[in-house]
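Heads up: the structure comes next, in structure tokens.
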Amino acid sequence: MKTKAAILWGQNEKWQIEEVELDPPKEGEVLVKLVATGLCHSDDHLVTGDIPMPLPVIGGHEGAGVIVQTGPGVTEVAEGDSIVFSFIPSCGRCSYCARGMQNLCDLGAHLINGPQLDGTYRFHARGQGIGQMSLLGAFAEYTVVPIASVVKVDNGTPLDKAALIGCGVPTGYGSAVRTAEVRAGETVVVQGIGGIGASAVQGARIAGARHIIAIDPVEFKRTKALELGATHVAASVEEAGPLVVELTRGNMADSFIITTDRAESAYISPALDLVTKRGKVVVTAVANFANADMSGNLFMLTMLEKQIRGSLYGSSNAHHEIPRLLELYKTGQLKLDEMITKEYTLEEVNQGYEDMRNGTILRGVIRF
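Every number in the numbering used here is 988 more than the matching position in the sequence shown, counting from 1.
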């Protein structure tokens, strides 16, 4: 079939909206009609080259839609079912899945290769195969994806909101609840209030944190953080420091979650300074793949048993977390509507990312 998609042909170029050829699903795959897809910063990392993926590629990995067709061997879903994408597939059989770490499934090795799991392409344009971000390619009206990347949700679920549950929300929420293991009464600092940071704030709130300090240089984002559950805000880590000391009576924060637009080596040392004994610094933001340096006082790391933890997909298991988060949304505990600042058409994808870089939106969503 033919469909429209946003393709990145070269590094630091604009997304190009083109008509593409889409093959039918093969064994273990499904054809999905997209309802909405979020404008996640990770797709912009493809543009800048921070994530080294072969080009050309169709972006988009935070989406929700409806099953149109199933390939051979697919029994988990049927035509007409509502689904949310998991940007990391899970086979359910590898060692990591068997130990409850579906976010580290071995299939994740294929996320930025380009073709599908069998090594062939489903999208074609200009006489060549086109890769799919995270095996999904959600910047398209229709896409073919592995069943391992699909989570069935209740029909009638508002998919325009549920799209956020495919990446940003569980990544941020899980960074607080799963990776940082926030508990009632704790003090949490979140640096960087985009879609992921805002979700980390919500995760800390739902977990019962006593103080939640949101750090962002953009006033609009600090205001949104307060609406979503932050108790205090600061424009910089330097400004947040005295606030943490005062609020905790010098005991410092229990966790510091880094959800900035890009992770930088220089962020680690100040974060370590603001956490208490056995305090956790959680690095959720994506760094350039070539960045191999970190700073911090190793003596204090040992003597105070401070911890640095990476967080992929919020240490979440998608098949458990996605339905659970949707239930929290339905009961009013998780705010999704308030996170969506603006909706765009597919043709406006470049404008959406410009707005994101300018800090005028918390989360943009493409509506199909």
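C-beta atoms are modelled at their ideal positions from N, C-alpha and C, and glycine is treated no differently. These figures come from a predicted structure and were not determined experimentally.
Burial is judged here by how many other beta carbons sit within 10 angstroms of a residue's own beta carbon; residue 999 has fewer than 16 and is exposed. Rounded to the nearest angstrom, the Cβ distance from residue 1201 to residue 1218 is 7 Å, consistent with a contact under 8 Å. For residue 1236, the enclosing alpha helix (DSSP H) stretches over residues 1225-1236.
Where residue 1315 is concerned, there is no enclosing beta strand (DSSP E), although the alpha helix (DSSP H) around it starts and stops at 1306-1318.
The straight-line gap separating the alpha-carbon atoms of residue 1228 and residue 1221 is approximately 8 Å. Under DSSP, residue 1266 takes part in no beta bridge, so it has no partner. Scanning its chain for C-beta atoms nearer than 6 Å, with the 5 sequence neighbours on each side dropped, one finds around residue 1310 the residues 1072, 1139, 1153, in chain order. In the DSSP annotation of this structure, residue 1220 is not part of any alpha helix (DSSP H); the continuous beta strand (DSSP E) holding it starts and ends at 1220-1222. If you draw a straight line from the Cα of residue 1181 to the Cα of residue 1280, it is about 25 Å long.
Your pair residue 1013 and residue 1057 checks out as a contact, with CB atoms roughly 6 Å apart and the cut at 8 Å. With respect to the C-alpha of residue 1029, the residue from 1290, 1253, 1272, 1249 having the closest C-alpha is 1249.
Under the three-state reduction of DSSP, residue 1117 is assigned to strand. Residue environment for residue 1305: buried (at least 16 other C-beta atoms within 10 angstroms of its C-beta). Under the Cβ criterion (8 Å, minimum of three pairs), the stretch 1295-1305 counts as touching the stretch 1084-1098.
Judged by DSSP in its simplified three-state form, residue 1094 adopts helix.
A direct Cα-Cα distance of roughly 39 Å separates residue 1262 from residue 1147. Sequence-distant Cβ neighbours of residue 1316 in its own chain, meaning closer than 8 Å and more than five residues away, are 1194, 1322.
Straight across, the Cα-Cα distance linking residue 1266 with residue 1168 is about 11 Å.
Per DSSP, reduced to three states, the secondary structure at residue 1007 is strand. In this structure, residue 1351 places its C-beta atom within 7 Å of the C-beta atom of residue 1183. In the structure shown, residue 1333 falls within a coil segment according to DSSP collapsed to helix, strand and coil. Only exposed fits residue 989, as fewer than 16 other CB atoms lie within 10 angstroms of its CB. Taking each of 1098, 1064, 1011, 1053 in turn and checking the Cα distance to residue 1151, the smallest one comes out for 1053. Excluding its 5 nearest sequence neighbours in each direction, residue 1170 has C-beta neighbours in its own chain below 8 Å: 1164, 1176, 1191, 1192, 1195, 1196, 1197, 1242, 1243, listed in chain order.
Taking a C-beta distance under 7 Å as the contact criterion, residue 1284 and residue 1257 qualify as a contact pair. CA-CA distance, residue 1004 to residue 1270, rounds to 35 Å. Of all C-beta pairs linking the stretch 1205-1214 to the stretch 1036-1053, fewer than three are shorter than 8 Å, placing the two stretches out of contact.
Closest option to residue 1100, judged by alpha-carbon separation, among 1296, 1075, 1173: 1075.
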